[in-house]
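**Student:** Sharing a structure here in structure tokens format.
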Amino acid sequence: MFNALSLLIGLVALPFALVGIIPFPFVPLVNWIAFPIALTGTVVGMLSRGAAGRNLNLLILIISGARLMLTGGFI
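Each number in this note's numbering corresponds to the 1-based position in the sequence shown with 32 added.
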């Protein structure tokens, strides 16, 4: 049950992370929305036996976190 919930949370965070990759001004600020959603999904995924939801959310965390780190968290 937790794995399905984690996958659902990851599918909500994924569009935000993908839009946040676009290098137009102020669009990467969307990563500030994707990061906490994916963090929540990762925590929920750690409570499950399956690994698919956790891994999806970890991938989103890496994508949005790297983008935030490379741009100083702003643009």
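Quick reminder that beta carbons are idealized off the backbone N, C-alpha and C, glycines included.
Roughly how far, in whole angstroms, is the beta-carbon of I69 from the beta-carbon of I41, given that I think they are within contact range, below 8 Å?
**Tutor:** At roughly 6 Å, the Cβ-Cβ gap stays under 8 Å, so I69 and I41 are in contact.
**Student:** Answer with buried or exposed for L88, where buried requires no fewer than 16 other C-beta atoms within 10 angstroms of its C-beta.
**Tutor:** When all chains shown are included, L88 counts as buried.
**Student:** Whose CA, out of V76, L79, T74, V51, lies closest to the CA of W64?
**Tutor:** That would be V51, whose Cα lies nearest to the Cα of W64.
**Student:** Three-state secondary structure (DSSP) at L79?
**Tutor:** Here L79 sits in coil by DSSP.
**Student:** If you drop the 5 nearest sequence neighbours on each side, which residues of the same chain put their C-beta closer than 8 Å to that of I53?
**Tutor:** Within the same chain, I53 has close Cβ partners P60, I95, R99.
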